[in-house]
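Position in the sequence shown counted from 1, then plus 2, gives you the working numbering.
For glycine and all other residues, C-beta sits at the position ideal for the given N, C-alpha and C.
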Amino acid sequence: MPNLAEAFQEVKANRGAPGVDGVTIKAFESNPEDNLEALQTALRNKTYEPKPVKRVYIPKADGTQRPLGIPTVGDRVVQAAARRILEPIFESKFRERSYGFRPGRSAHMALERIREDLRQGYRYVIDADLKSCFDTIPHDKLIEAVREEVVDGSVPRLLSSFLQAGVMDGGSFYLVPIRKPLRSGNKSRRRQNGAWPRSSPLSFPNE
């Protein structure tokens, strides 16, 4: 299970707080072989079920709070391992001028590209922000995009299980249904429970 082992090293390097189960990275590392083997077995048997994310809030510059979801350490390992598999598949499909959340790219590189454009004669820069971007991504379209590129049918099923794992917020559990695209002006179906983890966890081949 080298993929999961390497994924755990990434999770360990990123540190972070425990999720709803209270298991810290240090505790997970106290018995890594058994913990990783349990994850691998559950993935192979298709019995793996992600736990709800733990809701926390961080202050924003404007005085409001940004909701974030903290997965358990085990779920973060699965997410990291999935990213390692899926990244090469989808990287080639992203636009050349897309810099956000991509390996080997940074905000500084995006700024350098803008400087180069300005040197070449461009004079306008648009600074825009998509309101609640990660909150409003249509889950069905996300899963369909994965299904079109990944042959293994367990991949979109596992992705759906993460998207529907739910949120624990102050002792209350909120189940998050698969979102459909919103019609213009119709906000009644929009999820009110806040942000969702930004990583996209999927499946693995047998190792």
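Is the beta carbon of residue i less than 8 Å from the beta carbon of residue j?
i	j	result
ASP79	LEU6	This sequence places Val at residue 79; Asp is not what is there. Closer than 8 Å, so yes.
GLN67	PRO61	yes
LEU45	PHE10	no
ARG125	ARG115	no
ARG86	PHE96	no
SER163	GLU51	yes
LYS56	GLY76	no
VAL153	GLY168	no
ALA82	GLU12	yes
For the alpha helix (DSSP H) that residue i lies in, which residues bound it at each end?
i	result
LYS56	Element bounds for LYS56: not the alpha helix (DSSP H) but the beta strand (DSSP E), 55-61.
When DSSP labels each residue in this structure, what does residue i get in the three-state scheme?
i	result
MET3	coil
VAL152	coil
ILE72	strand
VAL178	coil
PHE96	coil
GLN11	helix
GLN67	strand
GLY18	coil
VAL157	helix
SER134	coil
My guess is that residue i and residue j are in contact by the Cβ rule of under 8 Å, so how many angstroms apart are they, rounded?
i	j	result
THR26	PRO34	Not confirmed; about 13 Å, so no contact.
ILE145	PRO158	5 Å
PRO54	VAL22	6 Å
ILE91	GLU151	6 Å
LEU165	HIS141	5 Å
SER156	LYS48	6 Å
Hey, quick one: how far does the beta strand (DSSP E) through residue i stretch, first residue to last?
i	result
ASP119	No beta strand (DSSP E) holds ASP119; the alpha helix (DSSP H) holding it covers 109-121.
ASP171	169-171
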